[in-house]
Amino acid sequence: MADQIPLYPVRSAAAAAANRKRAAYYSAAGPRPGADRHSSCCGWLINICRRKKELKARTVWLGCPEKCEEKHPRNSIKNQKYNVFTFIPGVLYEQFKFFLNLYFLVISCSQFVPALKIGYLYTYWAPLGFVLAVTMTREAIDEFRRFQRDKEVNSQLYSKLTVRGKVQVKSSDIQVGDLIIVEKNQRIPSDMVFLRTSEKAGSCFIRTDQLDGETDWKLKVAVSCTQRLPALGDLFSISAYVYAQKPQMDIHSFEGTFTREDSDPPIHESLSIENTLWASTIVASGTVIGVVIYTGKETRSVMNTSNPKNKVGLLDLELNRLTKALFLALVALSIVMVTLQGFVGPWYRSLFRFLLLFSYIIPISLRVNLDMGKAVYGWMMMKDENIPGTVVRTSTIPEELGRLVYLLTDKTGTLTQNEMIFKRLHLGTVSYGADMMDEIQSHVRDSYSQMQSQAGGNNTGSTPLRKAQSSAPKVRKSVSSRIHEAVKAIVLCHNVTPVYESRAGVTGETEFAEADQDFSDENRTYQASSPDEVALVQWTESVGLTLVSRDLTSMQLKTPSGQVLSFCILQLFPFTSESKRMGVIVRDESTAEITFYMKGADVAMSPIVQYNDWLEEECGNMAREGLRTLVVAKKALTEEQYQDFESRYTQAKLSMHDRSLKVAAVVESLEREMELLCLTGVEDQLQADVRPTLEMLRNAGIKIWMLTGDKLETATCIAKSSHLVSRTQDIHIFRQVTSRGEAHLELNAFRRKHDCALVISGDSLEVCLKYYEHEFVELACQCPAVVCCRCSPTQKACIVTLLQQHTGRRTCAIGDGGNDVSMIQAADCGIGIEGKEGKQASLAADFSITQFRHIGRLLMVHGRNSYKRSAALGQFVMHRGLIISTMQAVFSSVFYFASVPLYQGFLMVGYATIYTMFPVFSLVLDQDVKPEMAMLYPELYKDLTKGRSLSFKTFLIWVLISIYQGGILMYGALVLFESEFVHVVAISFTALILTELLMVALTVRTWHWLMVVAEFLSLGCYVSSLAFLSEYFDVAFITTVTFLWKVSAITVVSCLPLYVLKYLRRKLSPPSYCKLAS
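Residue numbers (my numbering): 1 to 1078.
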């Protein structure tokens, strides 16, 4: 407490200010109910208009939500896009913002005007109504599912502490100031300050994987003033409040104070991040009681999630552009017709009638076909046996999977399994791999049995032995003693706490278990802030030296023979990203020896340890194996040395200026000439087939960026071991920068490097983007791989948005934790993995898979096919509209530019539906290469990113084909018809249907039995319907040979040249997939 003394006046001043504000508030609220009503009404209106509420710091009284000065948001989670009132307008807006749909709405409405009516109403309204019905149904189902998920979370029950005892309250009814009790394994419903726990140490562990993606447990400490109270009910007998800073996004910091007013003098405690329990984290040990400080939209987890946007695929945007081009062609054609007519009479009416006649240039069935196609692709993905468990949650963007250029991936749980395994121990002269651990075990057992026999022989012998050792350090130690020293250092120098699960599940039993020294192995689990540390301690247990208990001041170890050794923790120096090392000073209770142990990264430890010739080389060797290395060292201290250090250290901790620098300087005075004990290697196991999958994606021309909240060393290590960075590539680690000048120098240094991967931390990235956004993104995009470490959830989303804005390319984000949700929602295409970190990412994603390796097949096979099929389908549907519009234009121009329809009523509806729909739609089953080929040659995917399957060039080719065929069909029918006009309709319409069926056959690359069925089914439908179309056709003429040869002749002329051209193109310049297929 001593180092907080200077802060008291400041805190009490803040509290006094809060009290004055509160008094003013209550006095103002009391005696003047009607005063200044006008100004308050205006203020209220202005606030309503402004909507965005200013966030303020707050004073929260324990258990008194009614004392809150301001209204705070409800504690409910809402992921829905619409409500009951906005659903229909919202969905209609999303549909009609597409030019295609808006155009059809106008055309359909025009049919209510008698002068403009052409044909029947149903020919226009039926297709439009069908499109809207399908879309609305799909949106309604999605929205209802979101509503159910939200309702489930909002109606979870919690215990609230009141003056009358505990009451059950829904999560959505929790208010600022409530005292909430959260049991073990329960989700924390809102941001709270931690007041009490059932754990006797006054601290508890929480799991934060849904908040920051880290799977290790975090230690949280209760406010000591409330933890000391005898009983739970005493929280209401004290007068206390928490002063909390305004809500903000940073999940790693918090500033506040706890004040108890009714004690003499008032008690003030400063609050930091370790006294908080953020919403969406889970209590891992004991039961906790907290006071709610932020709810709903103001909680850290909600502030770090971005609103889901409506995703529209690039293909849809391209088709939208093409429909606009078609619209211009339609207007131009209509104007030409009216001009040639000579602007006779009410020409504007003729113009509108021509617009309606040629409206088939833009086919309404385009959206129906594409939407149904998307549903088919989604179904194929979910039914693929090679990628089981895949779920398509957004059915509107499957083609995006075929156009990706950037893949942004999380590390923990996505590329790695987050399971650490101890692989190697190196003592300088000798190295032990995973297969030699039994040798270490026997050395440890021998050294402890030897020590026991010595201790049994003479109890005083241990002290002289130590003196002899310290006075003559040059004597070579035996391998056995060196192994013993190394294992002992590893088991003492860490931040791990053993936790004992009580068998009956009662919280109190944990405490009895510790009291009875029931250190049974089967119910012990280790908890730490880093999985590496747990792996090390688990390894020491496997070789015979076990950590059995630990609190803030002591540790107990169990030797192979079952003897318990006690150590007193004198000082602990935690790991920081600046120091890259952690240390501990312990006193052996049995011998009173004081030892300073330290472990850390090789770069931080090599200047500290005594001279050696092997450390650097071995670290390099282990890093190449993909192992995470730690250097372990020790230094024996005399009682005098330690006392001198402690007094200087305490002094430094009390200073108000440059405290951290002074503390670091004192610790550094100890870190000299330390004895190097060993080098350890731990492996973070990768997910199955990560390396071949990343290799495949790279060959497909996809650039991979890894965005992780983890440490720089870990991220670099995984980038190497997963082959995200290939062995021959250099890695440029971007130095920590804090100012514009530093960023400028570092960017210049980076610019000089060629073909090297970039590793940068979140803080440096923030600085670079602030001053040199364009330059940085340009340089980063040239890198073969980029690793961003220490990224917050919002930073991940920012990077995605940045890439979209600067490159205009399609991005895909893949992750498995709650901290990846923002990134997944910001990307053009979000993929979630159902992993250990829960389902939050997979629920928010557009596509959900069960393993990272499935992404290979999802993109190379399904993404590629979806894009190519939709491109072919879209252009074919346009061709179907263009060909009939060409025929209408030829017909009108021959008959003195009359605005009369060529085909009426059912012929038009039948043409777009039963006569040609099945064969055209069967293009969604087409594939150019087999799935195995697409997986074997990922280079095929690279072609798609250029967007050549659907471009203005391919579109123009289809336009020319349509004009040629439409012209041939119409002119042919006009040349060959005899006396009856009905014959023109019969010949041209039959030839048109046959041409369409043959064109589908021309477009198909791989036949599927359903395609053949569709072709014959359509032909059968047409032939059988001829009997019922007597109002359009002369049935007697249709049955003659003359009719058959004329139709055949016209069809051959319209299709044969195209077949010849296709054959020649295949021979002379075949596309890449043809070469592979052959």
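Glycine included, each C-beta is placed from N, C-alpha and C at the ideal position.
| Item | Value |
| --- | --- |
| Check whether Thr295 and Ser190 have beta carbons under 7 Å apart | yes |
| Beta-carbon gap between Ser870 and Leu315 smaller than 7 Å | yes |
| For Ile46, the three-state DSSP class (helix, strand or coil) | Confidence is the limiting factor: at Ile46 the pLDDT is only 47, short of 50, which leaves the residue's position unreliable, though a coordinate-based value still follows. Reduced to three states, the DSSP call for Ile46 is helix. |
| Local conformation of Trp539 per DSSP, three classes | helix |
| Pro1080, enclosing alpha helix (DSSP H) - first and last residue | Since the first residue of the chain shown is 1 and the last is 1078, residue 1080 is not available in this structure. |
| Which residues DSSP lists as bridging Pro346, in chain order | Answer is none; Pro346 lacks a bridge partner. |
| Gly177 vs Trp278 beta-carbon contact at 7 Å | no |
| Inter-residue spacing [alpha-carbon to alpha-carbon] between Asp262 and His72 | 27 Å |
| 8 Å CB neighbourhood of Cys1021 in its chain, flanking five on each side removed | Ile914 and Tyr915 |
| Per DSSP, the bridge partner or partners of Phe596 | Ile585 and Lys635 |
| Neighbour-count burial assignment, Arg300, 16 or more Cβ in a 10 Å radius | buried |
| Distance between beta carbons of His484 and Ser442, contact taken as under 8 Å | Wrong, their Cβ atoms sit about 11 Å apart, outside the cutoff. |
| DSSP state of Lys423 mapped onto helix, strand, coil | strand |
| Span separating the alpha-carbon of Arg74 from that of Lys297 | 8 Å |
| Inter-residue CB distance, Arg1093 and Leu712 (contact presumed, cutoff 8 Å) | Residue numbering for the chain in the displayed model covers 1 to 1078; residue 1093 lies beyond these limits and cannot be assessed. |
| Three-pair Cβ contact test at 8 Å for the segment 670-681 versus the segment 366-385 | no |
| Limits of the unbroken alpha helix (DSSP H) element including Tyr1059 | Val1041 to Leu1068 |
| C-alpha distance - Arg386 paired with Asn699, whole-angstrom precision | Per the sequence presented here, residue 386 reads as Asn, with Arg not at that position. Each residue's alpha carbon lies about 21 Å from the other. |
| Val584 beta carbon less than 7 Å from that of Leu572 | yes |
| Reduced DSSP secondary structure (H/G/I, E/B, other) of Arg393 | coil |
| Extent of the continuous beta strand (DSSP E) to which Ser579 belongs | Element bounds for Ser579: n/a, residue is neither H nor E. |
| 8 Å CB neighbourhood of Gly505 in its chain, flanking five on each side removed | Note that Gly505 scores 43 on pLDDT, short of 50, meaning its location in the model is unreliable; the coordinates nonetheless yield the value given after this. No residues qualify anywhere along the chain. |
| CA-to-CA distance, Thr59 to Lys21, given in whole angstroms | At Lys21, the pLDDT of 41 sits below 50, so the modelled position is not reliable; the number obtained from the coordinates is stated separately. So the two alpha carbons sit approximately 10 Å from each other. |
| Close beta carbons around Gly286, own chain, < 7 Å, minus the five adjacent residues each side | Lys184, Thr197, Ser198, Glu199, Cys204 and Thr507 |
| Where Ser159 falls: helix, strand or coil (DSSP) | strand |
| Proximity to Pro1141 [Cα-Cα], best of Leu997, Lys56 and Pro901 | The structure shown does not extend to residue 1141, since the chain is modelled only from 1 through 1078, so no value can be given for it. |
| Helix, strand or coil at Leu102 [DSSP, three-state] | helix |
| Inter-residue spacing [alpha-carbon to alpha-carbon] between Pro89 and Cys783 | 45 Å |
| Distance between Lys218 and Ile181 (C-alpha atoms, nearest Å) | 19 Å |
| Within the segment 318-393, ranges of the beta strand (DSSP E) (whole runs, at least 3 residues) | none |
| Check whether Val800 and Ala757 have beta carbons under 7 Å apart | no |
| CA nearest to the CA of Ile421, picked from Val909, Glu66, Leu1044 and Asp532 | Asp532 |
| Simplified DSSP assignment, three categories, for Cys791 | coil |
| Pairwise C-alpha distance: Ser1072 and Val877 | 26 Å |
| Three-state secondary structure (DSSP) of Val91 | helix |
| DSSP-derived helix/strand/coil call for Cys225 | helix |
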